[in-house]
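One structure is given below, encoded as structure tokens.
Number of protein chains: 2
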Amino acid sequence: MRTTPAAPDNAVRTYIEAQRSAFLSDLCDWLRIPSVSADPGHAEDVHRSARWLADTLRETGFPVAEIWETAGAPAVFAEWPSGDPDAPTVLVYGHHDVQPATLADGWHTDPFEPVERDGRLHARGAADDKGQVFFHTLGVRAHLAATGRTAPAVNLKLLIEGEEESGSPHFPALLAQRASRLGCDAVIVSDTGMWAPDTPTVCTGMRGLTDCQIDLYGPDQDIHSGSFGGAVPNPATEAARLAAALHDDDRRVTLPGFYDGIVELTDEERALFAELPFDEADWLHTAHSHATLGESGHTTLERLWARPTAEINGISGGYQGPGGKTIVPAKAQLKLSFRLVAGQDAEKIQHSLRDWVAERLPAGIRHEITFWGATRPCLTPLGHPALRSLTRAMGRAFGQPVRYTREGGSGPAADLQDVLDVPVLFLGISVPSDGWHAPNEKVELDLLLKGVETSAYLWDDLAAHWHPRTA
Amino acid sequence: MRTTPAAPDNAVRTYIEAQRSAFLSDLCDWLRIPSVSADPGHAEDVHRSARWLADTLRETGFPVAEIWETAGAPAVFAEWPSGDPDAPTVLVYGHHDVQPATLADGWHTDPFEPVERDGRLHARGAADDKGQVFFHTLGVRAHLAATGRTAPAVNLKLLIEGEEESGSPHFPALLAQRASRLGCDAVIVSDTGMWAPDTPTVCTGMRGLTDCQIDLYGPDQDIHSGSFGGAVPNPATEAARLAAALHDDDRRVTLPGFYDGIVELTDEERALFAELPFDEADWLHTAHSHATLGESGHTTLERLWARPTAEINGISGGYQGPGGKTIVPAKAQLKLSFRLVAGQDAEKIQHSLRDWVAERLPAGIRHEITFWGATRPCLTPLGHPALRSLTRAMGRAFGQPVRYTREGGSGPAADLQDVLDVPVLFLGISVPSDGWHAPNEKVELDLLLKGVETSAYLWDDLAAHWHPRTA
Numbered sequence: 001m002r003t004t005p006a007a008p009d010n011a012v013r014t015y016i017e018a019q020r021s022a023f024l025s026d027l028c029d030w031l032r033i034p035s036v037s038a039d040p041g042h043a044e045d046v047h048r049s050a051r052w053l054a055d056t057l058r059e060t061g062f063p064v065a066e067i068w069e070t071a072g073a074p075a076v077f078a079e080w081p082s083g084d085p086d087a088p089t090v091l092v093y094g095h096h097d098v099q100p101a102t103l104a105d106g107w108h109t110d111p112f113e114p115v116e117r118d119g120r121l122h123a124r125g126a127a128d129d130k131g132q133v134f135f136h137t138l139g140v141r142a143h144l145a146a147t148g149r150t151a152p153a154v155n156l157k158l159l160i161e162g163e164e165e166s167g168s169p170h171f172p173a174l175l176a177q178r179a180s181r182l183g184c185d186a187v188i189v190s191d192t193g194m195w196a197p198d199t200p201t202v203c204t205g206m207r208g209l210t211d212c213q214i215d216l217y218g219p220d221q222d223i224h225s226g227s228f229g230g231a232v233p234n235p236a237t238e239a240a241r242l243a244a245a246l247h248d249d250d251r252r253v254t255l256p257g258f259y260d261g262i263v264e265l266t267d268e269e270r271a272l273f274a275e276l277p278f279d280e281a282d283w284l285h286t287a288h289s290h291a292t293l294g295e296s297g298h299t300t301l302e303r304l305w306a307r308p309t310a311e312i313n314g315i316s317g318g319y320q321g322p323g324g325k326t327i328v329p330a331k332a333q334l335k336l337s338f339r340l341v342a343g344q345d346a347e348k349i350q351h352s353l354r355d356w357v358a359e360r361l362p363a364g365i366r367h368e369i370t371f372w373g374a375t376r377p378c379l380t381p382l383g384h385p386a387l388r389s390l391t392r393a394m395g396r397a398f399g400q401p402v403r404y405t406r407e408g409g410s411g412p413a414a415d416l417q418d419v420l421d422v423p424v425l426f427l428g429i430s431v432p433s434d435g436w437h438a439p440n441e442k443v444e445l446d447l448l449l450k451g452v453e454t455s456a457y458l459w460d461d462l463a464a465h466w467h468p469r470t471a
Numbered sequence: 001m002r003t004t005p006a007a008p009d010n011a012v013r014t015y016i017e018a019q020r021s022a023f024l025s026d027l028c029d030w031l032r033i034p035s036v037s038a039d040p041g042h043a044e045d046v047h048r049s050a051r052w053l054a055d056t057l058r059e060t061g062f063p064v065a066e067i068w069e070t071a072g073a074p075a076v077f078a079e080w081p082s083g084d085p086d087a088p089t090v091l092v093y094g095h096h097d098v099q100p101a102t103l104a105d106g107w108h109t110d111p112f113e114p115v116e117r118d119g120r121l122h123a124r125g126a127a128d129d130k131g132q133v134f135f136h137t138l139g140v141r142a143h144l145a146a147t148g149r150t151a152p153a154v155n156l157k158l159l160i161e162g163e164e165e166s167g168s169p170h171f172p173a174l175l176a177q178r179a180s181r182l183g184c185d186a187v188i189v190s191d192t193g194m195w196a197p198d199t200p201t202v203c204t205g206m207r208g209l210t211d212c213q214i215d216l217y218g219p220d221q222d223i224h225s226g227s228f229g230g231a232v233p234n235p236a237t238e239a240a241r242l243a244a245a246l247h248d249d250d251r252r253v254t255l256p257g258f259y260d261g262i263v264e265l266t267d268e269e270r271a272l273f274a275e276l277p278f279d280e281a282d283w284l285h286t287a288h289s290h291a292t293l294g295e296s297g298h299t300t301l302e303r304l305w306a307r308p309t310a311e312i313n314g315i316s317g318g319y320q321g322p323g324g325k326t327i328v329p330a331k332a333q334l335k336l337s338f339r340l341v342a343g344q345d346a347e348k349i350q351h352s353l354r355d356w357v358a359e360r361l362p363a364g365i366r367h368e369i370t371f372w373g374a375t376r377p378c379l380t381p382l383g384h385p386a387l388r389s390l391t392r393a394m395g396r397a398f399g400q401p402v403r404y405t406r407e408g409g410s411g412p413a414a415d416l417q418d419v420l421d422v423p424v425l426f427l428g429i430s431v432p433s434d435g436w437h438a439p440n441e442k443v444e445l446d447l448l449l450k451g452v453e454t455s456a457y458l459w460d461d462l463a464a465h466w467h468p469r470t471a
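For the protein sequence lines, the chains are A and B, in the order given. In terms of UniProt numbering, the first sequence has 254 at position 254, counting the first letter as 1, and numbering is strictly consecutive. In terms of UniProt numbering, the second sequence has 458 at position 458, counting the first letter as 1, and numbering is strictly consecutive.
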């Protein structure tokens, strides 16, 4: 058992302050690349984003930085060995693809031209997830500068994928294919958030996700609602009936078997949730919403973190222009996503949905279901030494006690856990008001730099307190 | 009581054949004007269409042809007195505006560049309703040429409105304002169809219509379905729940009071419907549909002609691009139309819908309802002498017995009946396969010319057999 010199706080902060401007300038360069994985028209941008990141990681000092092609969008892998054979090996996970964004969605400025306003950096991907990937580049350099090391105290690996916003369809295959390069003692997922700017927290779980598109076809073309209406099935009506039937009046999901086997919250977890300063009015403000609504019998935090959902992400069919058009539309479409919690199996739910849809549609309506992928839910083992190191590093950066949350969003954390057979931890500095997937997404610059600082302290603390390969 | 010389069939046919080419060329000029009343971007085109028609009616010989402005789109009024003070006065009603149409809807050729193929003329408005208005221009000239008259045998008036496809919002006001010019003994509506090319029919009723748009607002912007989903109301879900709840499992409309007071079919009317050669497979082919579906306990013809409906003409909300986007959308929209039958009152139904929507939406969802207008249902008195004249004129043109139908579509016929206090008759030669409101709308040229011929015979027959102003 050995220890490494701890990076002194002042040295870390001084280094970060000196590098701040160049760091933000580089991040803005990356944010200008519209790496939208869901849109085939942006495929080359996703490749460009991967090349940009690999080049930058090499400039940061990583001896290895490679682009890993997949059947979809490319991932970036980088590696920086510690030189100490007993040091733990940590794999940082994030993603370089982003959600779609256009000015027409309500952005005040071009989503792919970063703008700094009032201590915030606005751009698609500023928080989800380029900012939170990028803080590790300055973090590791601050760690080295403050400790005088030439290599990190841990064996550091980065895996930054390119399809997270599309449900990571090729990520499990990539992990299986590259497992020998990805061997590690823990995964640090940098793709989550914390409670609030003044309440640093570590996330201990993420919901899973499976999402799909259901296309419904009725008449072969739009037909006159006077001449034919009331006597033939209408695919827009059937889309609405499917969407509506997904929830009962208690807003519980009606899919057969949907809740079977889910891991219910323990009393300890409920108590940890209850410690958080939750204010419904504040939360609604952050959610840009005007009331809460969800599964009966659960609090808002329980609904967000520990309960599965079915959500209509998009619905369309028929005339959408100005005024009216008295037609029975030829087709309609639903885009659905299901958030999953531990104990649920995405494949079973997909199967249940297929059966449920087929049984409910009347004769004369043809349908197709396309699943975009599945991401498993994930829970971190409480009390793991690496989780304690992470909590300490974050506490040093923020100068405050760190509490625990979960994350309602989804990431491929469970795949990493399953394929690599290691614990998964979450380090995120984004806050709910950052507007992930929404117009005017931003990151708080102060918090982004706290992320840099946490990253700078973490590698020391892990190497000093965690010895996964000694008995 | 006096009689007028009947137009000999051969003379009428010879005249029509000689004029056919010029008639179709003129019609094509009119069809090239995209007079889409629902789209404010086409307002000038609707005006241009009105000017074109007024000019053409003057060239046809109408001594009076005026453009009547309204608070919306302009109507065209024309008048050609008989010269005989005892002649009946007939007002022909039609419309010069058309449904929206773009190539992207599935048209094989530009909807506003008419194309003749296989005896059909394809263009938006070819059947609904420019073709059916325009056949009267050649009809009246054939009537004059064949009888040697210099003025029609009846006092002929035309009122061709410009907002029928938008629900005729200003038509009742126009009728009230111009009532003194519109005085007549009967209205002939030229905006319906007949059973089939080989089964000429006269329509004896039309359904009414009221349609609207419901806008639903949830979060102030699209929000992340992982961070917030399951805990706030989703306007797309609520739009779907409204749309779905409009019908029960028997596909009866659930709006409170919707069926109150409707005029049920008589046994005689059921028997007249049953005489028609209805073949479900053929009808489905015409409907471009793959099964029938509608209110339990009624046949397809009853559902179309004598039962009211609620139809989803459009639904939209959230992401509609390629792939998925895991959001809770900020807003959603429904476009609904209700077909009404005799005994229903559009205002009561609008009121019922407003209450029903307001009661069903959860806190956190704001809504607006915009009604586009209301058109009352209409029934022609069976056994009226003018209906017998119309039936005879059509029988001469087609050389076949003429049967009776109703029309599932809607027109402002009931307003004419109410304001002018006269019977309303329907003369239409369009067939169900003409594709009203659909891509590739067409009119059968043979039937269009039968319409010309019917019009040429009708004025003689009315003048000879109907004397509304003698005791």
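Here a beta-carbon is modelled for each residue, glycine too, at the ideal position from N, C-alpha and C.
Considering only the beta carbon of each residue, do residue 411/A and residue 304/A sit closer than 7 angstroms? The count along the first sequence starts at 1 and reaches residue 411/A at position 411. The count along the first sequence starts at 1 and reaches residue 304/A at position 304. It is not a contact, given that the beta carbons lie outside the stated cut-off.
Could you say if the segment 285 to 296 of chain A and the segment 229 to 247 of chain B meet the contact criterion of at least three C-beta pairs nearer than 8 angstroms? The segment 285 to 296 of chain A, when compared against the segment 229 to 247 of chain B, does touch it at the 8 angstroms Cβ threshold.
Euclidean distance between Cα positions of residue 309/A and residue 316/B: To locate residue 309/A, count along the first sequence from 1; it is residue 309. To locate residue 316/B, count along the second sequence from 1; it is residue 316. In this structure, the CA atom of residue 309/A is about 21 angstroms from the CA atom of residue 316/B.
Pick out whichever of 18/B, 58/B, 75/B has its Cα sitting closest to the Cα of residue 37/B. Numbered from 1 along the second sequence, position 37 holds the residue referred to as residue 37/B. Among 18/B, 58/B, 75/B, the Cα nearest to that of residue 37/B is on 75/B.
Those runs of the alpha helix (DSSP H) which lie wholly inside the segment 286 to 333 of chain A and span at least 4 residues: Within the segment 286 to 333 of chain A, the complete alpha helix (DSSP H) runs of at least 4 residues are 300 to 305.
For the segment 92 to 105 of chain A and the segment 29 to 36 of chain A, state whether three or more C-beta atom pairs, one from each stretch, are separated by less than 8 angstroms. Per the Cβ contact rule, the segment 92 to 105 of chain A is in contact with the segment 29 to 36 of chain A (3 or more Cβ pairs under 8 angstroms).
When you compare the segment 183 to 202 of chain B with the segment 121 to 136 of chain B, are there three or more beta-carbon pairs, one atom per stretch, that lie closer than 8 angstroms? Yes, the segment 183 to 202 of chain B touches the segment 121 to 136 of chain B.
N- and C-terminal bounds of the beta strand (DSSP E) containing residue 415/A: Numbered from its first residue, the first sequence carries residue 415/A at position 415. Premise fails: residue 415/A lies in the alpha helix (DSSP H), 413 to 420, not in any beta strand (DSSP E).
Mind listing which residues of the segment 263 to 292 of chain A have their C-beta closer than 9 angstroms to chain B's C-betas, in chain order? Those would be 283, 284, 286, 287, 288, 289, 290, 291, 292, in chain order.
Counting only Cβ-Cβ distances shorter than 9 angstroms, please list the residues of the segment 193 to 211 of chain B near chain A, keeping chain order. Correct list: 193, 206, 207, 209, 211.
Which class does residue 155/B belong to by DSSP, given the choice of helix, strand or coil? Counted from its first residue, the second sequence places residue 155/B at position 155. Strand.
Quick test of your reading: residue 16/A and residue 453/A, contact by CB under 8 angstroms. State the CB separation rounded to the nearest angstrom. Here residue 16/A refers to the residue found at position 16 of the first sequence. Here residue 453/A refers to the residue found at position 453 of the first sequence. Contact between residue 16/A and residue 453/A holds: their C-beta atoms lie close to 6 angstroms from each other, under 8 angstroms.
Where does residue 131/B sit, in a helix, a strand or coil, going by DSSP? As a first step, residue 131/B is located in the second sequence; it is residue number 131 there, counting from the start. Here residue 131/B sits in helix by DSSP.
Let me know the secondary structure DSSP gives residue 93/A once reduced to three states. Reading the first sequence from its first residue, position 93 is the one you call residue 93/A. Of the three classes helix, strand and coil, the one that applies to residue 93/A here is strand, per DSSP.
Whole-number beta carbon distance between residue 334/A and residue 312/A, since they are thought to touch under 8 angstroms: Your numbering for residue 312/A matches position 312 in the first sequence. Your numbering for residue 334/A matches position 334 in the first sequence. Distance from residue 312/A to residue 334/A at the Cβ level is roughly 7 angstroms; contact confirmed, criterion being Cβ atoms closer than 8 angstroms.
Just the C-alpha distance for residue 14/B and residue 239/A, rounded to the nearest angstrom, thanks. Taking the second sequence and counting its residues from 1, the one referred to as residue 14/B is at position 14. Taking the first sequence and counting its residues from 1, the one referred to as residue 239/A is at position 239. So the two alpha carbons sit approximately 54 angstroms from each other.
Should the segment 389 to 408 of chain B be called in touch with the segment 58 to 68 of chain B, which here means at least 3 C-beta pairs below 8 angstroms? Under the 8 angstroms Cβ criterion, the segment 389 to 408 of chain B does not count as touching the segment 58 to 68 of chain B, having fewer than three qualifying pairs.
Do you know whose CA, among 351/B, 370/B, 199/B, lies nearest residue 428/B's CA? Translated into positions along the second sequence, residue 428/B becomes position 428. Distance check between residue 428/B and each of 351/B, 370/B, 199/B places 199/B closest, using alpha-carbon atoms only.
Three-state secondary structure (DSSP) of residue 210/A: The count along the first sequence starts at 1 and reaches residue 210/A at position 210. The answer is strand: DSSP assigns residue 210/A an E or B state.
Are the CB atoms of residue 413/A and residue 466/A nearer to each other than 7 angstroms? By one-based count along the first sequence, residue 413/A stands at place 413. By one-based count along the first sequence, residue 466/A stands at place 466. Cβ atoms of residue 413/A and residue 466/A: not closer than 7 angstroms.
Cα separation between residue 423/A and residue 400/A? Counting from one through the first sequence, the residue named residue 423/A turns up at place 423. Counting from one through the first sequence, the residue named residue 400/A turns up at place 400. Spanning the two alpha carbons is a distance of roughly 25 angstroms.
What are the boundary residues of the beta strand (DSSP E) that includes residue 76/B? Position 76 of the second sequence, counted from the start, is the residue given in the question as residue 76/B. Here the beta strand (DSSP E) through residue 76/B covers 75 to 80.
Residues in its own chain within less than 8 angstroms of residue 361/A by CB, not counting five upstream and five downstream? Counted from its first residue, the first sequence places residue 361/A at position 361. Excluding residues within five positions, the ones whose Cβ falls inside 8 angstroms are 216, 238, 242, 367.
Residue 404/B - containing beta strand (DSSP E), residue span: By one-based count along the second sequence, residue 404/B stands at place 404. First-last of the beta strand (DSSP E) with residue 404/B: 403 to 407.
Identity of the residues DSSP links to residue 216/B by a beta bridge: In the second sequence, counting from the first residue as 1, residue 216/B sits at position 216. In the DSSP output, where bridge partners are listed per residue, residue 216/B has 332/B, 367/B.
Following the continuous alpha helix (DSSP H) through residue 122/A, name the residue where it begins and the one where it ends. Locating residue 122/A in the first sequence gives position 122, where the first residue counts as 1. It is not in any alpha helix (DSSP H) - residue 122/A instead sits in the beta strand (DSSP E) that spans 120 to 122.
Local conformation of residue 427/B per DSSP, three classes: Translated into positions along the second sequence, residue 427/B becomes position 427. Coil at residue 427/B, not helix or strand.
Does the structure place the segment 430 to 449 of chain A close enough to the segment 212 to 226 of chain B that three or more beta carbon pairs sit under 8 angstroms? These segments touch.
Residues from the segment 330 to 344 of chain B in contact with chain A, defined by Cβ distance under 8 angstroms: Per Cβ criterion, the list reads 330, 332, 333, 335, 337, 339.
Identity of the residues DSSP links to residue 117/A by a beta bridge: Counted from its first residue, the first sequence places residue 117/A at position 117. According to DSSP, residue 117/A bridges with 120/A.
First through last residue of the alpha helix (DSSP H) which encompasses residue 65/A: Translated into the one-based positions of the first sequence, residue 65/A becomes position 65. For residue 65/A, there is no enclosing alpha helix (DSSP H); the residue is found in the beta strand (DSSP E) stretching over 64 to 68.
Going by Cα to Cα distance, which pick from 251/B, 403/B, 330/B, 370/B is closest to residue 269/B? Start at 1 with the first residue of the second sequence, and residue 269/B comes out as number 269. From the listed residues 251/B, 403/B, 330/B, 370/B, the smallest Cα separation to residue 269/B is found for 403/B.
Keeping to the same chain, check which residues put their C-beta closer than 6 angstroms to that of residue 460/A; ignore five residues upstream and five downstream. What you label residue 460/A is simply residue 460 of the first sequence in a count that begins at 1. Excluding sequence positions up to five before and after residue 460/A, its CB lies within less than 6 angstroms of the CB of 4, 6, 7, 153, all in the same chain and listed in chain order.
Compile a chain-ordered list of the residues in the segment 76 to 110 of chain B whose CB is closer than 8 angstroms to at least one CB of chain A. So the close ones are 99, 100, 105, 106.
Output yes if chain E places a C-beta closer than 7 angstroms to the C-beta of residue 327/B; else output no. Absence of chain E from the displayed structure is noted, the protein chains being A and B.
Nearest chain A C-beta to residue 185/B closer than 7 angstroms, yes or no? For the purposes of this step, residue 185/B is identified with residue 185 of the second sequence, where counting begins at 1. Chain A contact via Cβ: absent.
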